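Novice: First, the structure itself, so that you have it in front of you.
Numbering (UniProt numbering), first residue to last: 1 to 366.
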């Protein structure tokens, strides 16, 4: 569905670092072994002393981005979109059943963790930041952190949200709705908007987000649905682009992704799936064309396409009421649709032929 084999003829993401701002990534999972650098935990103190983080959601997302499989030739397990990329794990959320979840969501000490995590990821050399997380409003610190990342040539990819079944298109989630962030919706295997995927004018493109197999902590495997999963897949494609064109600006990476997305013939932009469904092969081809472009203007009015725009913080956005609670955009897994032996999930990740699978069924945190 997304042209991954075509893209892999060009690159598999070697040399790129993707920061996963999430619940933490298990560096010992066999499909991620050797690829994960464990960074800061901005949730420290929320859980009681001695409680070990579950790291389910974060491990799941990381495997979709950069899983490399295991066994002879890496033929078993999960192979992500950019299997040669590195992962920087930055813990900025708790799983909803961790004992400190309520403390984390109510204590003002943790209000700025997302902004801190973004800045930290930039300082640690991330090329792409995956944000399969959301909250109801953005703070000035959030906006400034996003602007800081973009000014440092870092691509930010975030989940549009899982409120599509409850609203008619007016709900906005952050950081996905901030200027400069690539907002990702979810589609089914037939390339239709998933019923849960949020619709709004910030959505740039979509990716598969239903019945997606991924790795979990302790060498487990999970199947789930959500815009989280779709976001991770787009982050993987962004990593491929940055591997091939490391100096390409976030704006041009976004242009390559959106301009190459696959949509029904004659269809234009819509708030459900944006410009269409991501296609890795087409995105790399579009990036190649953009990389060869140079500005025709001269003097002060010219802008080099490889150089970011202004570092100034964007104007405030006040579309929803303030909500401190950060949530994992992680829908309940369907009991049907499990991928069989030797199969694949939306032609993006290679499923385990001998792997033990487990169905995930967490609720969206509220």
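From the three backbone atoms N, C-alpha and C, an ideal C-beta is built for every residue, glycine too. Note that the structure is a prediction, hence the values are computed from the model and not measured.
#1: My parser needs the beta strand (DSSP E) runs of 3 or more residues fully inside the segment 13–42; what are they?
#2: Can you tell which of 270, 255 and 216 has the C-alpha that lies nearest to the C-alpha of residue 57?
#3: Between which two residues does the alpha helix (DSSP H) holding residue 143 run?
#4: For residue 187, I'd like the list of residues in its chain whose CB is within less than 8 Å of its CB, leaving aside the five on either flank, ordered along the chain.
#5: Rounded to whole angstroms, what's the CA-CA distance from residue 251 to residue 258? Just pull it up for me.
#6: Leaving aside the five residues before and after residue 101 along the sequence, list all residues of the same chain whose C-beta is less than 6 Å from its C-beta, in chain order.
#7: Could you please give me the residues that DSSP links to residue 135 through a beta bridge?
#8: Thinking C-beta only, is residue 233 closer than 9 Å to residue 87?
#9: For residue 203, is the classification buried or exposed, using 16 other Cβ atoms within 10 angstroms of its Cβ as the cut-off for buried?
#10: Assuming residue 220 is part of the beta strand (DSSP E), what are its boundary residues?
#11: If residue 245 and residue 287 are in contact, beta carbons under 8 Å, what's the gap, nearest whole angstrom?
#12: Within a Cβ cutoff of 6 Å, which residues of the same chain sit near residue 68, ignoring the five residues on either side of it in sequence?
#13: Could you spell out where the alpha helix (DSSP H) holding residue 237 opens and where it closes?
#14: What is the DSSP secondary structure of residue 82, reduced to helix, strand or coil?
#15: Whose C-beta lies closer than 6 Å to the C-beta of residue 155 among residues of the same chain, with five residues either side of it excluded?
#16: Which residues bound the beta strand (DSSP E) around residue 183?
#17: At a threshold of 8 Å, does residue 282 count as lining the ligand MG (C-beta to nearest heavy atom)?
#18: Checking the sheet assignment: what are the DSSP bridge partners for residue 68?
#19: Over what stretch of residues does the alpha helix (DSSP H) that includes residue 281 continue unbroken?
#20: Got a sec, what are the start and stop residues for the alpha helix (DSSP H) residue 212 sits in?
#21: From 53, 270, 282 and 241, pick the residue whose C-alpha is nearest to that of residue 261; which is it?
#22: Note the first and the last residue of the continuous alpha helix (DSSP H) segment covering residue 203.
#23: Just reading off the alpha helix (DSSP H) that residue 115 is part of, what are its end residues?
Specialist: Straight from the coordinates:
#1: 17–22 and 36–41
#2: 216
#3: 140–151
#4: 193, 194, 197, 206, 207, 208, 209, 210, 230, 273 and 277
#5: Going by the C-alpha atoms only, they are around 11 Å apart.
#6: Excluding residues within five positions, the ones whose Cβ falls inside 6 Å are 94.
#7: In DSSP, residue 135 forms a bridge with 174.
#8: No, Cβ-Cβ distance for residue 87 and residue 233 is not below 9 Å.
#9: buried
#10: 220–224
#11: 6 Å
#12: These residues qualify, in order along the chain: 74 and 83.
#13: 227–244
#14: coil
#15: 128, 238, 250 and 253
#16: 182–187 is the span of the beta strand (DSSP E), which, as asked, contains residue 183.
#17: Within the structure as shown, the ligand MG is missing, as the structure has no ligands at all.
#18: 79
#19: 280–291
#20: It is not in any alpha helix (DSSP H) - residue 212 instead sits in the beta strand (DSSP E) that spans 212–216.
#21: 282
#22: Here residue 203 belongs to no alpha helix (DSSP H); instead the beta strand (DSSP E) covers 203–208.
#23: 113–123
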